[in-house]
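What follows is a single structure, written as structure tokens, with notes after it.
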Amino acid sequence: MNIQYDQQVDAAYLTLQAAKIVDSEEIQPNVIFDYDDSDRVVGIELLSVKRNISDLLQLQKLIPTEQASRIGFDFPVFLDFLVKSVDLSFTDEKTKQKIGLAKKILGNSSSILRSTQESLEASNARFNRI
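In our numbering, the protein residues as written are 167 to 296.
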């Protein structure tokens, strides 16, 4: 997975597989999936990244689990990108707390994050205690 981010337009593009894009679909506001000729997600365009950080923390849920592993969507790497790139001035207090917890989890981890499920469960469990 390759992530390119353009600060000027606050947009990111996740290249999941090198393939010809034959179709695109906005699956939720500011999240566009690009598909190849076999209807596999090969790229994801994210618009207004900083303003939509809370929604983007849930991006993994939009991709079917079996497809995520096949296309190479690495949520821990994506989460790492989000928490290191976000400008907290754009977010509300609850989102700031959730991002702070995600950063803390990433910072305390010996590797990036062991698994997507572990990272989300840990973040959600700690956030729900606040």
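For every residue, glycine included, the Cβ atom is placed at its ideal position computed from N, Cα and C.
Beta-carbon separation (whole angstroms), residue i vs residue j, contact threshold 8 Å
i: residue 268; j: residue 243; result: With a Cβ gap of about 13 Å, residue 268 and residue 243 do not count as contacting.
i: residue 202; j: residue 187; result: 7 Å
i: residue 200; j: residue 208; result: 6 Å
i: residue 198; j: residue 204; result: In fact, because the Cβ distance is near 18 Å, the residues do not count as touching under 8 Å.
Burial state of residue i, where buried means 16 or more other Cβ atoms lie within 10 Å
i: residue 168; result: exposed
i: residue 234; result: buried
i: residue 260; result: exposed
i: residue 227; result: exposed
i: residue 246; result: buried
Residue i CB to nearest heavy atom of the ligand SAM below 7 Å
i: residue 173; result: Because no ligand of any kind appears in the structure shown, any question about the ligand SAM cannot be addressed here.
DSSP-derived helix/strand/coil call for residue i
i: residue 221; result: helix
i: residue 251; result: helix
i: residue 173; result: coil
i: residue 178; result: strand
i: residue 290; result: Note on residue 290: pLDDT 49, under 50, position unreliable in the model; no value is reported.
i: residue 193; result: strand
i: residue 262; result: helix
Counterpart residues of residue i in DSSP-defined beta bridges
i: residue 207; result: 201
i: residue 228; result: Looking at the DSSP assignment, residue 228 forms no beta bridge with any residue, so it has no partner.
i: residue 168; result: 181
i: residue 245; result: Per DSSP, none; premise fails for residue 245.
i: residue 213; result: 177
Cβ neighbours of residue i in the same chain (closer than 7 Å, five flanking residues each side left out)
i: residue 213; result: 177 and 196
Same chain only: Cβ atoms within 8 Å of residue i, ignoring 5 sequence neighbours per side
i: residue 182; result: 167, 207, 208, 209, 210, 237, 238 and 239
Close beta carbons around residue i, own chain, < 6 Å, minus the five adjacent residues each side
i: residue 229; result: 239
i: residue 194; result: none
i: residue 192; result: 198
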